[in-house]
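Numbering (the working numbering), first residue to last: 9 to 104.
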């Protein structure tokens, strides 16, 4: 099983909810799982590999939009970059 910080899931939900609502809802459901104790900071990830790639792709679009154009937003760019790193740094394949 692979884990991400609950805060990363919540921030990911906030960024993608308007552009990919169904995937954002899946991310939010992971973060709000009632079987995970409130004190637990890391959340098990049960998304398929394809869903994770879609999610990372959406975050990359957000990062790119935040970098250029009239709506340039350095904070949003940094947030999206950090979340991309979080989603890409955990191993997608269980070696056990």
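Glycine included, each C-beta is placed from N, C-alpha and C at the ideal position.
When DSSP labels each residue in this structure, what does residue i get in the three-state scheme?
| i | result |
| --- | --- |
| residue 53 | strand |
| residue 104 | Since pLDDT at residue 104 reaches only 46, below the 50 mark, its modelled position is unreliable, and the value read off the structure follows with that caveat. In the structure shown, residue 104 sits in coil (DSSP, three-state: anything other than H, G, I, E or B). |
| residue 10 | strand |
| residue 94 | helix |
| residue 43 | coil |
When you compare only the Cα positions, how much space is there between residue i and residue j?
| i | j | result |
| --- | --- | --- |
| residue 63 | residue 89 | 13 Å |
| residue 71 | residue 85 | 5 Å |
| residue 32 | residue 24 | 6 Å |
| residue 48 | residue 76 | 37 Å |
| residue 28 | residue 42 | 24 Å |
| residue 81 | residue 74 | 5 Å |
| residue 46 | residue 11 | 15 Å |
| residue 57 | residue 44 | 22 Å |
Counting only the same chain and skipping the five closest in sequence on each side, list residues whose C-beta sits under 7 Å from that of residue i.
| i | result |
| --- | --- |
| residue 92 | 64, 67, 68, 71 |
| residue 83 | none |
Quick one: is residue i buried, meaning 16 or more other Cβ sit within 10 Å of its Cβ, or exposed?
| i | result |
| --- | --- |
| residue 19 | buried |
| residue 21 | buried |
| residue 96 | exposed |
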